[in-house]
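> 1 is the number of the first residue of the sequence shown in UniProt numbering; add one for each residue after it.
Virtual Cβ for every residue (Gly too), placed ideally from N, Cα, C.
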Amino acid sequence: MQPQITLIAGARPNFMKIAPLVKWLDRRGVARRIVHTGQHYDERMSETFFRELSIPEPDVNLGVGSGSHVAQIAGVMQGLEAEFTTHRPAAVVVVGDVNSTLAATIAANKLGIPVAHVEAGLRSRDRTMPEEINRILTDSIADWLFTSEPSGNENLVQEGVAEERIHHTGNVMIDTQQSHLEAARQREPYRRWELDRCGYAVVTLHRPSNVDDREHLQSILTALETIAREIPIVFPVHPRTKARLADLGHDAATAAGRWIEIEPLGYIDMLGMVDGARLLLTDSGGLQEETTALQVPCLTLRENTERPITVTQGSNQLVGWKTEDILTAARSVLAGPDRIGQVPPNWDGRAAERIADRLIRDLGIA
Ligand code: UD1
1 MQPQITLIAG ARPNFMKIAP LVKWLDRRGV ARRIVHTGQH YDERMSETFF
51 RELSIPEPDV NLGVGSGSHV AQIAGVMQGL EAEFTTHRPA AVVVVGDVNS
101 TLAATIAANK LGIPVAHVEA GLRSRDRTMP EEINRILTDS IADWLFTSEP
151 SGNENLVQEG VAEERIHHTG NVMIDTQQSH LEAARQREPY RRWELDRCGY
201 AVVTLHRPSN VDDREHLQSI LTALETIARE IPIVFPVHPR TKARLADLGH
251 DAATAAGRWI EIEPLGYIDM LGMVDGARLL LTDSGGLQEE TTALQVPCLT
301 LRENTERPIT VTQGSNQLVG WKTEDILTAA RSVLAGPDRI GQVPPNWDGR
351 AAERIADRLI RDLGIA
């Protein structure tokens, strides 16, 4: 029987990263299985992405759901032990930095199965972020470390990782963006709210450090409501944030300015909204990269980023959570050009192809 590769996906930011990997393994005729851990389970946080990105149905869904981080990680590990034992892969591919990424890496390693980490080496140097710990631990175990930007290579080398394990293959998320950009542009999703291209800002917020801390959330909200008086704000609200905004007594109906609060968007609508935006205000890791690739100005509502190339070359600025800092930066962006920065050199739509080919060569398959 031909050796098989198992890909793991658990949460929303994973789905756009596995899509091109599945495509290239299929094109090269490699047997593969897809495991959904079930960390994200709402239709809008999960199924929509599989459908729109043409990812085949997962072979199995572990259904871990929400819960404490320990419960999530333990649930994924136990589920994967059974999966890997029944359908033993030649290698496991994990992407990103969510709890499912770490859990799958440990489970595979304990069963003696090599692991490839896609989007390796990113470091915010902020150990209070659960994702930072997931990144450090995953990279310390994984056998192939596929990096998306040069800082990833530098960080791994500094941490003592052998250079032959590190491969700078580029950004798989941008592969997916390029494949769907035309469809997203044609859709012009902003027209649904009678908005024009470059005539609105998009906001996303979900980091625990911003939304679970009342002072931070209130401070960000005050800035956003002020900005909404100058430019309409479209805010697709993450489930975690929805609960926190309600706790704060925030009411979209009475918010100042033009404030458009909506459910999480699917991939293509979101891409169309980001591509058409004048400005993004976000604490997402992925959106820092997606705006950089589209040269859309991005204000990151964090003190640090694990994706420094989006600041040094791209269109991203770190502005933190304080009202005045956000307002000053937003006004300066709104007074400048609509599109800024440069696209990093190897964000060229071919990252997944390079990764698939490297795995095939090293595993001696296909
Ligand atoms: C997770 C990732 C984060 C990623 C984010 C994208 C970790 C540590 N964090 O954070 O890196 O940027 O996903 O969304 O893995 N919920 C739903 N429906 C869902 C999923 C979640 O209602 O489909 C709610 C639940 O109440 C849950 C909360 O959202 O408790 C948080 O979900 P969880 O997966 O624990 O973490 P995220 O904050 O989404």
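By the DSSP assignment, the alpha helix (DSSP H) with E188 in it spans what residues?
Element bounds for E188: n/a, residue is neither H nor E.
> At a cut-off of 7 Å, is P239 close to the ligand UD1 when judged by its beta-carbon and the heavy atoms of the ligand?
yes
> Below 6 Å CB to CB, which residues in the same chain sit around E306 once its five sequence neighbours on both sides are set aside?
These residues qualify, in order along the chain: L122, R123 and S124.
> T6 bridges to which residues according to DSSP?
R33 and V92
> Could you give the first and the last residue of the continuous alpha helix (DSSP H) run that contains T85?
For T85, the enclosing alpha helix (DSSP H) starts and ends at H69 to T86.
> E154 to E131, Cα distance in whole Å?
19 Å
> Identify the residues that DSSP records as bridge partners of T147: which are they?
Beta-bridge pairing links T147 to A120 and H168.
> Taking 7 Å as the line, does the beta carbon of Q186 fall inside it for any heavy atom of the ligand UD1?
no
> Tell me which same chain residues have a C-beta within less than 7 Å of the C-beta of T226, skipping the five on either side of it?
L327
> Restricting to runs no shorter than 4 residues, where is the alpha helix (DSSP H) found entirely within the segment 208-238?
208-211 and 214-227
> Got a sec? Which residues, its chain only, sit under 7 Å from G341 by beta carbon, not counting five neighbours each side?
T292, Q295, Q313, G314 and S315
> Looking at C-alpha atoms only, which residue of A116, G320 and F15 is the closest neighbour of A210?
The sequence given here has Asn at residue 210, not Ala. Cα-wise, what sits closest to N210 is G320.
> Roughly how many angstroms lie between the CA atoms of A116 and D26, to the nearest whole one?
CA-CA distance, A116 to D26, rounds to 17 Å.
> What are the boundary residues of the beta strand (DSSP E) that Q317 is part of?
N316 to L318
> With distance defined between alpha-carbon atoms, name the residue in L7, H180, P114 and L217 nearest to R165.
P114
> Cα-Cα, which of A255, P239 and L137 is closest to A223?
A255
> Answer yes or no: do C298 and L271 have a C-beta to C-beta separation smaller than 8 Å?
For C298 and L271, no; Cβs fall outside 8 Å.
> Using the Cα positions of K242 and F235, report the straight-line distance between them to the nearest angstrom.
11 Å
> Could you tell me whether the segment 44-53 touches the segment 251-270, using the rule of 3 or more Cβ pairs below 8 Å?
yes
> Going by beta carbon distance, what residues of the same chain come within less than 8 Å of I141, once the five residues before and after it are set aside?
T105, I106, N109 and V115
> Let me know if M129 comes out buried or exposed under the rule of 16 or more other beta-carbons within 10 Å of its beta-carbon.
buried
> Nearer than 7 Å: is that true of the beta carbon of E215 relative to any heavy atom of the ligand UD1?
no
> Quick one: residues in its chain with C-beta nearer than 7 Å to the C-beta of G96, no 5 flanking neighbours on either side, listed in chain order?
P13, N14, K17 and E119
> The ligand UD1 heavy atoms versus the CB of S66: any closer than 7 Å?
Under cutoff, so the answer is yes.
> Using a threshold of 7 Å, is the CB atom of R339 nearer than that to any non-hydrogen atom of the ligand UD1?
No - the ligand UD1 has no heavy atom lying nearer than 7 Å to the Cβ of R339.
> I need the boundaries of the beta strand (DSSP E) containing L279, first residue and last residue.
L279 to T282
> Any idea what DSSP makes of A255, helix, strand or coil?
coil
> Can you give the beta carbon distance from R240 to H216, rounded, assuming they're within the 8 Å contact cut?
The pair is not a contact, with the Cβ atoms about 14 Å apart (cut-off 8 Å).
> Identify whether L248 lies in helix, strand or coil by the three-state DSSP scheme.
coil
> If you compare alpha carbons, which of Q158, S68, Q78 and L21 is closest to V93?
L21
> With DSSP run on the structure shown, which of helix, strand or coil describes L299?
Strand.
> State the DSSP-derived secondary structure class of I340, mapped to helix, strand or coil.
In the displayed model, I340 falls within coil according to three-state DSSP, outside both helix and strand.
> Locate the alpha helix (DSSP H) running through T291, then write down its first and last residues.
Here the alpha helix (DSSP H) through T291 covers G285 to L294.
> Is the CB-CB distance between H180 and I73 below 8 Å?
no
> Going by the CB atoms, is the gap between L53 and A19 shorter than 8 Å?
Annotated as proximal: A19 and L53, with beta-carbon spacing under 8 Å.
> Quick one: Cα of L318 to Cα of G29, how far?
Between L318 and G29, the C-alpha separation is close to 43 Å.
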